[in-house]
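Chemist:
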Amino acid sequence: MDVVLIEWLNLILRWLHVVAAMAWIGSSFYFIHLDLSLKPEAHLPKGTYGEAWQVHGGGFYHMVKYLVAPTRMPDHLTWFKWEAYTTWLSGFALMVVVYYLNPELFLIDRSVLDLEPQAAVVISFFALALTWLGYEGLCRSSLRSNQTTVALIGYVFLVALTYGFTHVFGGRGAFTHIGALVGTIMVANVFVVIIPNQKKIIDRLIAGQEPDPQWGAESKLRSVHNNYLTLPVVFLMIGNHYPLLFATRFNWLIVAIVLALGPVIRHFFNERHAGRKSPWWVWGVAAAGMIAILYLTNAGPRQGSAALPTPAPAFAAVEDIVISRCSMCHGPETAWPGIAAAPKGIFLNDEVSIRQHARLIDIVSVRSDAMPPGNITDMSADERAIIAAWLADGRK
Ligand code: HEC
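Position one of the sequence shown corresponds to residue 10 (the numbering used here), numbered consecutively onward.
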């Protein structure tokens with residue numbers, strides 16, 4: 010496909026994806042807050058769970074929640090589902106444009122696993138589908154009566170999967186996959202459980218029958234799962250743009266910490282919205298987690314680091330390496346199929362441009378191995394060490 014067309018698809022899909030996700034997460038946070046702040050009041054009609062007063066946009070809102078449903082179907086009903094569906098559809102399309110059309114750059118890393126492009130795409134697709142089925146099985150199993158067990162098993166499952174993904178795909182691909190998987194679980198909760206249950210409830214109401222309260226409870230539970238998964242998924246989606254996160258040795262451990270921190274941080278807000286005592290300890294845990302991540306991002310590239318050469322090499326050695334490993338993409342005439350112009354406008358083809366980008370080179374190819382993508386031009390640990398020594402010696 011035409012490179013310019015792909016570039017535009019990338020932009021438009023990303024825009025749509027971010028906007029849809031904002032709308033979805035926004036409404037999801039809003040409803041969780043609303044649910045937690047509902048107060049049962051004596052004057053409320055039968056069948057209601059509680060009420061809340063809110064002020065916004067120049068007026069007051071009086072919200073009342075009916076459990077499971079009002080006795081009569083209202084004439085107008087607003088549904089919340091297309092925000093979630095659009096987020097998934099645009100996200101999957103973006104996955105196709107960025108990863109499936111270009112598996113060699115962002116999905117495969119031959120130093121991790123020597124995959125054929127088609128194999129990488131097939132593994133990616135089925136991994137998403139199968140792991141979602143695993144989650145669905147867990148939620149429907151007899152364990153579901155104990156949500157703490159479900160949360161713990163879910164956590165271990167996601168960390169194991171992260172470890173697996175980081176040993177099958179390149180770091181960036183792995184981050185996106187675990188994020189995409191969690192996102193898929195969340196959208197599927199809406200598509201497979203929450204909305205169908207809501208429809209069953211409405212059908213019963215129209216037929217003049219009492220709906221099963223279990224349907225409402227099940228939807229509520231899935232919506233709570235989604236609430237706790239939101240922060241990790243957003244971190245992972247942003248994290249795949251940060252080489253020190255995805256292309257360093259303990260990338261999987263960083264994800265494990267984030268998967269734990271996200272729910273802990275949500276807990277703080279959930280407790281507050283429910284009007285309970287704010288669990289301030291959460292911020293201590295969050296700070297400890299972030300410091301641990303900071304420390305782990307310093308562990309160096311995944312292929313390991315070589316000892317720095319002494320004495321520090323002259324610039325000519327660095328220039329040779331960068332020109333032979335980077336300039337076929339980051340040059341005035343890119344020689345790589347599928348890359349129209351120097352990516353991100355970064356040229357690395359002469360002394361001036363290399364010196365100008367020294368800090369970025371340090372991040373993407375010395376402290377991490379994000380570049381060359383998938384180590385496609387076979388940069389060695391010794392070569393990274395030569396650049397590291399030159400940087401440490403004051404870039405002479
Ligand atoms: C096969 C082509 C290719 C090679 C070889 C390559 N890059 Fe890149 N580079 C890319 C692409 C594609 C991107 C844009 C990635 C993205 O979309 O985030 C990029 C982005 C970058 C960025 C910007 C990162 C950011 O955070 O915005 C830097 C810096 C960079 N490359 C440095 C290097 C260095 C240093 C080398 C050699 C060691 C190198 N690249 C080799 C394709 C390449």
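Virtual Cβ for every residue (Gly too), placed ideally from N, Cα, C.
Where does Phe-135 land, buried or exposed, given buried means 16+ other C-beta within 10 angstroms?
Modeler: Translated into the one-based positions of the sequence shown, residue 135 becomes position 126. Burial call: exposed.
Chemist: Considering Glu-219, what are the terminal residues of the beta strand (DSSP E) in which it resides?
Modeler: Reading the sequence shown from its first residue, position 210 is the one you call residue 219. Here Glu-219 belongs to no beta strand (DSSP E), and DSSP marks it neither H nor E.
Chemist: Among Leu-357, His-234 and Gln-127, whose alpha-carbon lies nearest the alpha-carbon of Ser-8?
Modeler: No information on residue 8 is available, as it lies outside the stretch 10 to 405 that the chain covers here.
Chemist: Cutting at 6 Å between CB atoms, please list the residues of its own chain near His-339, excluding the five before and the five after it.
Modeler: Taking the first residue of the sequence shown as position 1, residue 339 is located at position 330. Hits under 6 Å: Ala-351, Ile-355, Phe-356 and Leu-357.
Chemist: Taking DSSP as the reference, what is the three-state secondary structure of Gln-7?
Modeler: The displayed coordinates of the chain run from 10 to 405. Any statement about residue 7 would go beyond what the structure contains.
Chemist: Would you please state the rounded distance, in angstroms, between the beta carbons of Glu-92 and Trp-33? I believe it to be under 8 Å.
Modeler: Locating residue 92 in the sequence shown gives position 83, where the first residue counts as 1. Locating residue 33 in the sequence shown gives position 24, where the first residue counts as 1. The pair is a contact, with the Cβ atoms about 4 Å apart (cut-off 8 Å).
Chemist: In the DSSP assignment, the alpha helix (DSSP H) including Met-104 goes from what residue to what residue?
Modeler: Counting from one through the sequence shown, the residue named residue 104 turns up at place 95. Unbroken alpha helix (DSSP H) run through Met-104: 91-104.
Chemist: Out of curiosity, what's the CA-to-CA distance linking Leu-317 and Ile-395?
Modeler: Residue mapping note: residue 317 aligns to position 308 of the sequence shown, counting from 1. Residue mapping note: residue 395 aligns to position 386 of the sequence shown, counting from 1. Each residue's alpha carbon lies about 6 Å from the other.
Chemist: Going by Cα to Cα distance, which pick from Met-195, Ala-325, Ala-138 and Thr-175 is closest to Val-242?
Modeler: Along the sequence shown, one-based indexing puts residue 242 at 233. Ranking Met-195, Ala-325, Ala-138 and Thr-175 by CA distance to the CA of Val-242 puts Met-195 first.
Chemist: I need the DSSP call for Phe-69, collapsed to helix, strand or coil.
Modeler: For the purposes of this step, residue 69 is identified with residue 60 of the sequence shown, where counting begins at 1. Correct three-state label for Phe-69: strand.
Chemist: Nearest to Trp-261 by alpha carbon, out of Thr-306, Ile-15 and Trp-224?
Modeler: Counting from one through the sequence shown, the residue named residue 261 turns up at place 252. If we check each option's Cα against that of Trp-261, Thr-306 comes out closest.
Chemist: Measuring from the CB of Ile-266, is there a heavy atom of ligand 1 at a distance below 7 Å?
Modeler: Counting from one through the sequence shown, the residue named residue 266 turns up at place 257. Not under cutoff, so the answer is no.
Chemist: Measuring only from the beta carbon, is Leu-245 closer than 7 Å to any heavy atom that is part of ligand 1?
Modeler: For the purposes of this step, residue 245 is taken as residue 236 along the sequence shown, with counting starting at 1. Not under cutoff, so the answer is no.
Chemist: The alpha helix (DSSP H) that contains Gln-365, what's its start and end?
Modeler: Position 356 of the sequence shown holds residue 365. Its alpha helix (DSSP H) spans residues 360-365.
Chemist: Going by the DSSP bridge assignment, what does Pro-310 pair with across the sheet?
Modeler: Taking the first residue of the sequence shown as 1, we reach residue 310 at position 301. According to DSSP, which records beta bridges pairwise, Pro-310 is partnered with Thr-257.
Chemist: Where do the ends of the alpha helix (DSSP H) carrying Ala-295 lie?
Modeler: In the sequence shown, residue 295 corresponds to position 286, counting from 1. First-last of the alpha helix (DSSP H) with Ala-295: 290-305.
Chemist: Any heavy atom of ligand 1 closer than 7 Å to the CB of Ser-287?
Modeler: Here residue 287 refers to the residue found at position 278 when the sequence shown is read from its first residue. For ligand 1, not one heavy atom lies less than 7 Å from the Cβ of Ser-287.
Chemist: Is the stretch 179-193 touching the stretch 241-255 in the sense that three or more CB pairs, one from each, lie closer than 8 Å?
Modeler: yes
Chemist: Which residue comes first and which comes last in the alpha helix (DSSP H) that contains Ile-332?
Modeler: Taking the first residue of the sequence shown as 1, we reach residue 332 at position 323. Run containing Ile-332: 324-334, per the alpha helix (DSSP H) assignment.
Chemist: Suppose contacts are defined by Cβ-Cβ distances below 8 Å. Is Ala-308 in contact with Arg-368 by that definition?
Modeler: Within the sequence shown, residue 308 is the residue found at index 299, counting from 1. Within the sequence shown, residue 368 is the residue found at index 359, counting from 1. No, Cβ-Cβ distance for Ala-308 and Arg-368 is not below 8 Å.
Chemist: Please confirm whether Leu-45 and Gly-225 have their CB atoms less than 8 Å apart.
Modeler: Within the sequence shown, the letter at position 36 stands for residue 45. Within the sequence shown, the letter at position 216 stands for residue 225. Not a contact, by the Cβ cut-off of 8 Å.
Chemist: Out of Glu-392, Leu-124 and Gly-67, state which residue places its alpha-carbon closest to the alpha-carbon of Ala-326.
Modeler: One-based indexing of the sequence shown puts residue 326 at position 317. Per the Cα distances, Glu-392.
Chemist: Using a 10 Å radius around the Cβ and a threshold of 16 neighbouring Cβ atoms, would you call Phe-101 buried or exposed?
Modeler: Looking up residue 101 in the sequence shown gives position 92. By the neighbour-count rule (16 or more Cβ atoms within 10 Å), Phe-101 is buried.
Chemist: With DSSP collapsed to three states, give me the class of Lys-405.
Modeler: The residue labelled residue 405 in the question sits at position 396 within the sequence shown. Reduced to three states, the DSSP call for Lys-405 is coil.
Chemist: In angstroms, rounded to a whole number, what distance separates the CA positions of Arg-376 and Val-177?
Modeler: As a position in the sequence shown, residue 376 is number 367, starting the count at 1. As a position in the sequence shown, residue 177 is number 168, starting the count at 1. Arg-376 and Val-177: Cα-Cα distance of roughly 21 Å.
Chemist: What residue range does the alpha helix (DSSP H) around Leu-139 cover?
Modeler: Numbered from its first residue, the sequence shown carries residue 139 at position 130. Taken as a continuous stretch (DSSP letters only), the alpha helix (DSSP H) holding Leu-139 covers 126-149.
Chemist: Just the C-alpha distance for Arg-459 and Lys-229, rounded to the nearest angstrom, thanks.
Modeler: Missing from the structure shown is residue 459; the chain here goes from 10 to 405 and no further.
Chemist: Under three-state DSSP, which class holds Thr-157?
Modeler: In the sequence shown, residue 157 corresponds to position 148, counting from 1. Helix.
Chemist: Judging by CA-CA distance, which residue of Tyr-144, Thr-157 and Ile-162 is the nearest neighbour of Val-201?
Modeler: The residue labelled residue 201 in the question sits at position 192 within the sequence shown. Minimum Cα distance to Val-201 is reached at Tyr-144.
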